[in-house]
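Residue numbers (our numbering): 47 to 142.
Backbone N, C-alpha and C fix where the C-beta goes; we use that ideal spot for every residue, glycine too.
Spelled out as structure tokens, the structure:
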């Protein structure tokens, strides 16, 4: 079960909505309603978020949206996701 506090973040990533993700992260940081221990308390949710984050990065590469790709890389720190290039699906297909 996903906590109501991280639901907007989770939904934004699943929808590949960067502006929604920015807003969700901003709202949580302003209201201090999400904390690192709460995110880490459910490793399965964190894995799902990370998997979809990498899919979102791949999708941006596929569509040549490098500006948004860089923004998403920057937002990864807010989600405590360390980006590993080898985990981005099909990365070589888009960078030729």
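In the displayed model, residue 135 falls within coil according to three-state DSSP, outside both helix and strand. Residue 91 sits in a helix when the DSSP states are folded into three classes. Annotation: the continuous alpha helix (DSSP H) that includes residue 112 extends over 112-121. For residue 101, same chain residues with a beta-carbon under 7 Å away, outside a window of 5 residues either side, are 135 in chain order. Cβ neighbours of residue 62 within its own chain (closer than 7 Å, five residues either side excluded): 102 and 105. In the three-state reduction of the DSSP assignment, residue 128 falls in the coil class, being assigned neither a helical nor a strand state.
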